[in-house]
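In the numbering used here, the protein residues as written are 533 to 962. Every residue gets a Cβ at the ideal spot worked out from N, C-alpha and C, and that includes glycine. A short write-up of the structure that comes next.
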Amino acid sequence: MQREDRGSPYIRQWSQNARWKGVERPYTMEDVIKLRGSMPIEYTLATRGAERLWKLLHTEPYVATLGALTGAQAVQQVQAGLKAIYVSGWQVAGDINSSGQTYPDQSLYPVDSVPNLVRRINNAFQRADQIDHMEGKNETYWFAPVVADAEAGFGGVLNAFELMKAMIEAGAAAVHFEDQLSSAKKCGHMGGKVLVPTGEAIQKLIAARLAADICGVPTLVVARTDANGASLLTSDIDERDHPFLTNGRTVEGFFTVRSGLESAIARATAYAPYADMIWCETSEPNLKEARRFAEGVLGAYPDKLLAYNCSPSFNWKAKLDEGAIAKFQKELGSYGYKFQFVTLAGFHSLNHGMYQLAQGYRERGMAAYSRLQESEFELERDGYRAVKHQSFVGAGYFDRVAQTIAGGDVSTTAMKGSTEEEQFEEAPTA
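Dropping the structure here:
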């Protein structure tokens, strides 16, 4: 086999497929071929997820989703009809990172933590799909595209390159990188944010794209800018940052800069050729601001996709009335914000739900849990399945595996004789 022919179908369509319109690669096909190795590896979940997400973003008014903290939460989102999943670095830091610690959103957790959650979610989808397929149910497409948070890349361009590969191996459909200094990274709604030069941020986007190209996967690269709220810069080396310098220096040696929408638009338009989607982190749910940003970016790059964080860090009712909240996402969609997400939905729903149950349990004992169970039975009519927790996690599936291995009946199957089979086949009436 000729070296230049290996894996070429993906590479050759760069110049032919509309998917790559407006995407710049400062490297060649030959560069990618040299770096791919001799054994092509298939990344089915990442590839199908990226293709599906791209199609959704171009056929739906907008794609709205929630941040998932567990595999089961992601399954519930799909069961309820959402079409994509968001994996937040904040949520991983706060609860589900591989060090087992509770951290603020400052890139303190191990770098493999987000890929691990992406993999866990895809495994949960696979089990749900296996159960449905075994039972002859085909109403639900389980493998919702996963959009994952790569923070500021956990270091330099090589760190970003390796992290992108790990995300693809875990099955991510899209990955976002922000333009903060990784070692001083903060949640976008915290103070103390330090930007890297525009050119350095672009290099990380290129690193992410190169990683995806080497893997042969059309992963969406999402560029996030924190320039709207960041007032510090590591270096004045990049002339594109000069209009926003304020001539101050900090005790750490950082340059002070003027934050705001003008700076965010300047950075976003610089990132646009190297990204599929652009996200500007904001401090409040402000449609006028969102529209100005969209006009600034789409005026230069009319085909570029935009993302918007409908953040739990906003006090929504303090900023908008109920009518404005109800139409907020539809308005955003009309401006070009095709991916909209509530980053910390999993964290808040998990904590709120357990606190509410625990409070009721303390006051009313099993009556509180029974009420939760009754609510679950009521939700069954809408497609909720987790009330039958044994079958939900695959007990029936593994019964079938055991029967297949034995070539017939098995006396040790789990579901036959279970309380779920006896008491949950028909929900009790009030």
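- Taking C-beta separations shorter than 6 angstroms and ignoring five residues to either side along the sequence, the partners of Met699 in its chain run Pro647, Ala680, Val707, following chain order.
- In the three-state reduction of the DSSP assignment, Val783 falls in the coil class, being assigned neither a helical nor a strand state.
- Val555 and Asp711 do not touch by the CB rule: their CB atoms are close to 19 angstroms apart, not below 8 angstroms.
- Spanning the alpha carbons of Arg894 and Ser902 requires a straight line of approximately 13 angstroms.
- Secondary structure at Val925: coil, using DSSP grouped into helix, strand and coil.
- According to DSSP, residue pairing for His708 in a beta bridge involves Asp681, Val754.
- Annotation for Leu837: no alpha helix (DSSP H) segment contains it, though the beta strand (DSSP E) segment containing it runs 837–841.
- Here the region 745–753 lies against the region 796–808, with 3 or more beta-carbon pairs under 8 angstroms apart.
- Note: Met809 is bridge-paired with Val754, Leu837 in the DSSP secondary-structure output.
- Residues Leu819 of the same chain have their beta carbon placed closer than 6 angstroms to that of Glu863, with the five preceding and five following residues left out of the count.
- Counted as a single uninterrupted DSSP element, the alpha helix (DSSP H) harbouring Ile746 occupies residues 730–747.
- Burial check for Met696: the Cβ neighbour count within 10 Å reaches 16 or more, so the residue is buried.
- Assignment of beta-bridge partners to Tyr916 by DSSP yields no partner.
- Taken through DSSP and simplified to helix, strand or coil, Tyr867 comes out as helix.
- Taking the C-beta atoms as reference points, Trp674 is found nearer than 8 angstroms to Val610.
- For Ala890, the enclosing alpha helix (DSSP H) covers residues 877–896.
- For Val942, the CB contacts under 6 angstroms within the same chain, skipping 5 residues up- and downstream, are Ala934, Gln935 in chain order.
- Nearest neighbour of Asp644 by Cα position, chosen from Gly621, Asp853, Asp664, Leu577, turns out to be Gly621.
- Distance between Ile653 and Val783, taken at the CA atoms: about 43 angstroms.
- Comparing C-alpha distances from Phe871 to each of Ile573, Met571, Asn629, Lys615 shows the shortest one belongs to Lys615.
- Leu838 is not a Cβ neighbour of Ala856, given a cutoff of 8 angstroms.
- Leu567 sits away from Ile734, with the two beta carbons spaced by 8 angstroms or more.
- The alpha helix (DSSP H) runs of length 4 or more contained entirely in the region 567–623 are, from start to end of the chain, 576–591, 603–611.
- By the neighbour-count criterion, in which 16 or more other beta carbons inside 10 Å mark a residue as buried, Phe787 falls on the buried side.
- Look at the beta carbons and you see the region 874–884 touching the region 588–603: at least three pairs across the two are nearer than 8 angstroms.
- In this structure, Val619 sits near Leu649, with a CB-CB distance shorter than 8 angstroms.
- Between Lys736 and Pro558, the alpha-carbon positions lie close to 13 angstroms from each other.
- Secondary structure at Thr814: coil, using DSSP grouped into helix, strand and coil.
- Around the beta-carbon of Thr766, 16 or more other beta-carbon atoms lie within 10 Å, marking it buried.
- For Val789, the three-state secondary structure derived from DSSP is strand.
- The shortest C-alpha to C-alpha distance from Glu954 to any of Lys920, Gly926, Tyr840 is the one to Lys920.
- Between Ala802 and Lys849, the alpha-carbon positions lie close to 35 angstroms from each other.
- Taking Leu889 as reference, the option from Gln905, Leu742, Ala684 with the minimal CA-CA separation is Gln905.
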